[in-house]
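Report on the structure given below.
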Amino acid sequence: MKTFLLILAAPFLGVTAAMAHEGMVTPLFAADIPEMPGKEIVLISVDYEAGDETPTHRHDAHAVVYVLEGAVIMQVEGQEPQTVTTGETFSEKPDDIHLVSRNASDTDPAKFLVFLLKDKDNSIVAPSN
């Protein structure tokens, strides 16, 4: 019976395995900046399992990425993709379109922090258009 169920489920398992996940975002800190009215600093962590990636987006903020574990591939529009490994950083400007953000590994997880300086009323992620 188990073999029969596995045969029935096989096509669906393949589809599920082929679909990329977007990772897990955890808010860690947010604070107003008194010397810069209307601005705040936000800190989030992003955990990517093997193969995870985030769709094209932008932050409408100054962003600095710091990789805590593993390696990620990052690319903003107009630049070449770059692999950022543990202890390295990557930055984005408010008008950058973030084309690629993905785990560089198909077998190991990756984790990174994102520090954002943004308008208080703006969300962390903005549409890319």
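Residue numbers (my numbering): 8 to 136. All residues carry an ideal CB built from backbone N, CA and C; glycine is no exception.
Check, Outcome
"Selection from Glu76, Asn129, Ala111 and Pro34 that minimises the alpha carbon distance to Thr90", "Ala111"
"Cβ-Cβ separation, Thr93 to Val74 (assumed contact under 8 Å), whole Å", "5 Å"
"Inter-residue spacing [alpha-carbon to alpha-carbon] between Ser135 and Ile51", "20 Å"
"Residues bridged to His69 (per DSSP)", "Leu124"
"Pairwise C-alpha distance: Phe122 and Glu42", "18 Å"
"N-terminal and C-terminal residue of the beta strand (DSSP E) that His105 is part of", "His105 to Asn110"
"Those residues which DSSP pairs with Val79 across a bridge", "Val91 and Asn110"
"Check whether Lys100 and Asp54 have beta carbons under 8 Å apart", "no"
"Local conformation of Ser52 per DSSP, three classes", "strand"
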